[in-house]
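Notes for the one structure printed next.
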Amino acid sequence: ASFTIAAKVEDRSPPVFLSCPSALITHTIMAGDSFGPMWEVPKAVDNSCEPPTVSESKSRKPGDFMAPGNHQITYTATDKHGNSAAECTFPVTVIDHKAPTIKNCPKENIVVAADMHATVARATWPSISAIDTNGNALTAENIDKLPKSGMHFHVGINPVEYKFKSLVSGQVSTCQFSVVVNDVERPVPLKEANDTSMFKCTKTGEFVKNHRQCGGLYLTLKSRNGRANTLGDVVPYSGPVRCCNDAYECRGDDMYKACLPKL
101 ASFTIAAKVE
111 DRSPPVFLSC
121 PSALITHTIM
131 AGDSFGPMWE
141 VPKAVDNSCE
151 PPTVSESKSR
161 KPGDFMAPGN
171 HQITYTATDK
181 HGNSAAECTF
191 PVTVIDHKAP
201 TIKNCPKENI
211 VVAADMHATV
221 ARATWPSISA
231 IDTNGNALTA
241 ENIDKLPKSG
251 MHFHVGINPV
261 EYKFKSLVSG
271 QVSTCQFSVV
281 VNDVERPVPL
291 KEANDTSMFK
301 CTKTGEFVKN
311 HRQCGGLYLT
321 LKSRNGRANT
331 LGDVVPYSGP
341 VRCCNDAYEC
351 RGDDMYKACL
361 PKL
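Count the sequence shown with this note's numbering and you get residues 101 to 363, in order.
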């Protein structure tokens, strides 16, 4: 007797990747992104001798643009029977060379007049902020120690500097300006001062020191309404004099002058 046996052979063997790319690090173009990172698409083989279908989970291809940051590339290989290989996964890091973009940085110095009978003035400016190319909002370095809008600043030139560092590229952008506080009030010295030698003027070409800038004498002045004021060293007028800081000039009335910021 003879028998005929029908057998169905099922393919349950998945494809196998021959290789998988290693971690990839690439950089943006300094003048603008014209292409993305490049890698070699992994190859896979199957026991059926027919090439399996290899695809990336998000349909990304080598050279596609990618935003700065970390990306995970995942490939799968599937044969005609639906068997899938273990995934081929590798990271791609895109490093951004662009510095942060700063908003509301004052384009010019902020100039204010000192408060009446005082050596300080309040200065304000719009809120200064920055973002990197990924849109991350950045915080200025040492923000707790930086001068802030609304603070009082002393007479003279007060530098202000905000630095922002990109979370992606590490690049730094800087906002720099100065708050210039001018003293525009004319002093009236105490004429009844006992030590008149303190008010003697120096000879032409010699220097008259200013208290704040040059460590000179700290003399009390009196404003016209009688309130105490400390604006600088005051000397009787007896001819041309120079202040030791070029940003200051000797000015006042015909009898008394002081080293005060130039107008």
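Backbone N, C-alpha and C fix where the C-beta goes; we use that ideal spot for every residue, glycine too.
Where do the ends of the beta strand (DSSP E) carrying residue i lie?
| i | result |
| --- | --- |
| R222 | V220 to R222 |
| T126 | L124 to H127 |
| F253 | H252 to H254 |
| A230 | S229 to I231 |
Going by DSSP, what residues sit across from residue i in a beta bridge?
| i | result |
| --- | --- |
| S155 | T176 |
| T274 | K263 |
| I257 | V280 |
| L118 | Answer is none; L118 lacks a bridge partner. |
| N170 | T193 |
| V145 | V116 |
| A237 | I231 |
Please check the pair residue i and residue j, which I expect to be a contact at CB under 8 Å, by giving their CB distance rounded to whole angstroms.
| i | j | result |
| --- | --- | --- |
| I195 | S269 | 6 Å |
| N258 | S227 | No, N258 and S227 are not in contact; Cβ-Cβ is about 19 Å, not under 8 Å. |
| P212 | V281 | Here residue 212 is Val; the residue named in the question, Pro, does not match the sequence. Their Cβ separation, rounded to whole angstroms, is 6 Å, which keeps V212 and V281 in contact under 8 Å. |
| V192 | T233 | Not quite, the Cβ-Cβ distance comes to about 17 Å (not below 8 Å), so this is no contact. |
| S249 | T224 | 5 Å |
| F190 | P121 | 5 Å |
| A237 | I243 | Actually they do not touch by this definition, with Cβ atoms about 13 Å apart. |
| A199 | Q271 | 4 Å |
Between the Cα of residue i and the Cα atoms of the options, which residue gives the shortest distance?
| i | options | result |
| --- | --- | --- |
| E187 | K265, C275, P114 and V280 | P114 |
| P162 | G136, L267, E261 and V145 | G136 |
| E140 | Q271, Y175 and P152 | Y175 |
| K265 | H197, K207 and P206 | H197 |
| A185 | V116, N242 and E110 | V116 |
| P206 | T239, Q276 and T128 | Q276 |
| G256 | I210, K158 and S119 | I210 |
| C149 | G235, S119, T178 and R160 | T178 |
| P152 | H181, T239, F165 and L267 | H181 |
| M284 | L267, H217, K245 and R160 | Looking at the sequence shown, residue 284 is not Met but Val. Measuring from the Cα of V284, the nearest candidate turns out to be H217. |
| T128 | R160, E156 and N170 | N170 |
| L267 | H254, M251, A240 and F253 | A240 |
| H254 | R222, K263 and S229 | R222 |
| V154 | K143, D215, T274 and L363 | K143 |
| L124 | K245, Q172, A214 and T274 | Q172 |
| M251 | N183, D164, N204 and D215 | D215 |
| G183 | N147, E156, R160 and S157 | It should be noted that the sequence gives Asn, not Gly, for residue 183. When each option's Cα is compared against that of N183, the closest is N147. |
| S119 | K263, F165 and V145 | V145 |
| K245 | S229, Y262 and G235 | Y262 |
| F165 | M138, G235 and S157 | M138 |
| Residue ranges of each beta strand (DSSP E) run of no fewer than 3 residues wholly in the segment 184-213, ordered along the chain? | 188-195, 201-203 and 210-213
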